[in-house]
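Novice:
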Amino acid sequence: MNKNTNTWKKALSGICALTMVFGIAVSPAYAMEDMTEPNMSITNHPNSMIPTKLVTPVGNKAFYKVQDGKVIYADRDDGTGWQAVPSAYIKGSEYNVGNVDYGAYFVGADEVVFVPLSECRAEDDGTYTYHHGTKDGATVSEDVDTATNADPSMGTNFYVHVENGIDPDGSTSEEVVPGKTDDGRVEYEVTIATKATYQLKATVPMYVCMYGYRGTGNIIAPDSDAYQLKNYSTSNSDASATIVDITKVTHYAKIYDENHSDDTLFSISYDSQAKKYTYWYSNPAFMEDGKTPNPDWQEPENYLVLTDKNINASGQCYVIFIDGKWDFKVAGVLEGDALKETVTAIDPNHPLSTDLHYGEWNFGTEFAVGDSQEGGKDTGLALKVSELQAEPATWRLVDTSTKAADMKRGELAMSLAPETAISNASAIDLSTASAPIDITERGWFLAAPQLGEDGTVSDEEATTLGVTAKAQMAGGNVNDSGCTSVVKVTYTMTPAFGIADGETNTVTGDGVTSNR
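Residue numbers (numbering that gives the first Met the number 0): 0 to 515.
#1: Quick one: give me the first and last residue of the beta strand (DSSP E) that HIS349 is part of.
#2: Can you determine whether any heavy atom of the ligand PLP sits closer than 6 Å to the C-beta of GLN449, and answer yes or no?
#3: Return helix, strand or coil for THR455, following the three-state DSSP convention.
#4: Going by CA-CA distance only, name the one from SER117, TYR317, LYS376 that's closest to GLY331.
#5: Is it buried or exposed for GLY154, if we count other Cβ within 10 angstroms and need 16 for buried?
#6: Short check: CB of ALA461 to CB of LEU380, under 7 Å?
#7: On a Cα-Cα basis, can you pick out the residue from VAL111, THR483, THR364 that is closest to LEU355?
#8: Does DSSP put VAL397 in a helix, a strand or coil?
#9: What does DSSP give as the partner residues of VAL198 in its beta bridges?
#10: Look up GLU118 in the DSSP assignment and give the residues it is bridged to.
#11: Of the residues GLU440, VAL243, VAL248, which one's Cα is nearest the Cα of GLN372?
#12: Could you name each continuous beta strand (DSSP E) segment of 3 residues or more that falls completely within the region 69-113, going from the start of the chain to the end?
#13: Specify the secondary structure class of GLU418 as computed by DSSP and reduced to three states.
#14: Closer than 6 Å by C-beta to ILE254: which residues in its own chain qualify, once you throw out the five before and the five after it? Chain order, please.
#15: Answer with buried or exposed for TRP394, where buried requires no fewer than 16 other C-beta atoms within 10 angstroms of its C-beta.
#16: Under 8 Å, with one C-beta from each stretch per pair, do the region 413-423 and the region 171-189 reach the 3-pair mark?
#17: Is it right to say ILE89 is buried, meaning 16 or more other beta carbons lie within 10 angstroms of its own, or is it exposed?
#18: Could you give the distance in angstroms between the alpha-carbon of ALA389 and the alpha-carbon of SER433?
#19: Identify the residues that DSSP records as bridge partners of ASP144: which are they?
#20: Between the region 434-454 and the region 223-236, can you find at least three pairs of beta-carbon atoms closer than 8 Å?
#21: Take GLU93 as the anchor and find which of VAL485, ASN59, LEU305, ALA412 has the nearest alpha-carbon.
#22: In its own chain, which residues sit with a C-beta less than 6 Å from the C-beta of SER352, not counting the 5 before and 5 after it?
#23: Below 6 Å CB to CB, which residues in the same chain sit around ASN361 once its five sequence neighbours on both sides are set aside?
#24: Could you give the DSSP three-state label for THR306: helix, strand or coil?
#25: Mind checking LYS324: buried by the 16 CB within 10 Å criterion, or exposed?
#26: Over what stretch of residues does the beta strand (DSSP E) that includes PRO292 continue unbroken?
#27: Would you report the Cα separation of CYS208 and ASN95, rounded to the nearest angstrom?
#28: Just confirm the distance between the C-beta atoms of SER414 and LEU429, as a whole number of angstroms; I'd bet it's less than 8 Å.
#29: Does DSSP classify ASN301 as helix, strand or coil?
#30: Between the Cα of CYS482 and the Cα atoms of ASN156, GLN297, GLY102, GLU122, which residue gives the shortest distance?
#31: Return the residue from the list PRO115, GLY335, TYR63, GLY375 that minimises the CA-CA distance to TYR357.
#32: Reducing DSSP to helix, strand and coil, say where ALA330 ends up.
#33: Reducing DSSP to helix, strand and coil, say where THR249 ends up.
#34: Span of the beta strand (DSSP E) holding PRO177?
#35: CA-CA distance, TYR29 and GLU410?
#36: Name the residue from ASP295, ASP405, THR463 whose alpha carbon lies nearest to the alpha carbon of THR215.
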């Protein structure tokens, strides 16, 4: 169907549904005995779902109105209630994509829905009929309810249209990554958090209109080819990588001399070329007598006198000369020979010697806590149905073992069964599900869909779980003809992470087939 047509139909159906919500509050559909109080959270059946509609072609007319039970057209508005036909539905209009032939039918009092004539059946009198049912005679709505991240539940309102006669579906993980520098005394421990995101999107028909027949109490419900849960969900296990922590690790040198462990150091130096420390227990500028100058003495680079520090060579003190500064630490504050400091960024004096690569990401040689990069790729996400609830509306749900002859006016026996399931595809008696029931272990499962070249899941690629409905009302039912809401079924969807497409296909293939 044309995109503009869908938009127009959804707008009209939204208006209709709103009207019905307000209407049910003041005028229940039926005042029958042996029935539950109406559930005000369930809307009345939308008029747009009556299965057969009379459609009249628009042609190139510019105005329309509802008259004598059908939509009629005119070239001009004479002030007697005509409304403008949207340009997208006028033959020959530049806004009519594909120059499609459209017709229209009305719902409610005068709400109009435009449909392509190619989707209608031509009648001998020049009109068309639009039948939006399924091959089994039940009607599944085009409108869908959607489960999302924010609200992972979706529901269907089931209705019974009583006919005279006999009767003819994000997580996060962290990993510490080492980072080396050109100075072997300095390294980093970098904690990188990767985030997995998902977009839960599943649909189920918002309405189903079943047809019940007075003579036998039989009800025609949609089969699993028509009534389906559909899965469009995607996930990205590597949506982003973020630097969440940086630990700078600086390795100190132990001051230890077994033969002079109790002697106090006078001075120390560091040879940056040889990367060695030298220390003295007396002033090297003088001979052993401490008075005669040492003619061979030349003060080395990075030389420090320690007379005010009281450091000995017992091995309980560690030293480093780095970035032009001396620093001393007692053994108790180090881990082995390492001082670990939590820092907010890589020290510019000690960048990494090579770029820090993690997965597909490259953070370079200098970065800070909070730096983040996006990446990854969307893939299909499998879903399972974890919970089901059936909320009665105006009719009372009774056990499916109840015979039609034993059922009372306003009672309904109904069950739902998945086309396949991982472990248990037996039918669920809706009379047992007035409160939410956990069906996780049954394995109602929708495999991960494939994504198209544009990175999205199309209707054709969405995976499905067909659901078979079976229902029965009282034989010889004396309810008035017409349509009334009977039960709303709500499904709660849960992502099934970590299951690849091949695995899900195998699991589904090994699942059991429905017994209905």
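Here a beta-carbon is modelled for each residue, glycine too, at the ideal position from N, C-alpha and C.
Fair warning: this is a prediction, and the values are worked out from it, not measured in the lab.
Specialist: Concretely, from the data shown:
#1: Premise fails: HIS349 is in no beta strand (DSSP E) and is neither H nor E.
#2: The model on display carries no ligand, and the ligand PLP is accordingly not part of it.
#3: coil
#4: TYR317
#5: buried
#6: no
#7: THR364
#8: strand
#9: Per the sequence shown, residue 198 should be read as Gln rather than Val. According to DSSP, GLN198 bridges with THR233.
#10: According to DSSP, GLU118 bridges with nothing at all.
#11: VAL243
#12: 69-73, 101-106
#13: coil
#14: ALA312, CYS316, VAL318
#15: buried
#16: no
#17: buried
#18: 5 Å
#19: VAL203
#20: yes
#21: ASN59
#22: LYS179, THR180, ASP181
#23: ASP354
#24: coil
#25: exposed
#26: It is not in any beta strand (DSSP E) - PRO292 carries neither H nor E in the DSSP assignment.
#27: 32 Å
#28: 6 Å
#29: coil
#30: ASN156
#31: GLY375
#32: helix
#33: strand
#34: 171-179
#35: A caution first: TYR29 carries a pLDDT of 29, below 50, which makes its placement in the model too unreliable to give a value.
#36: ASP405
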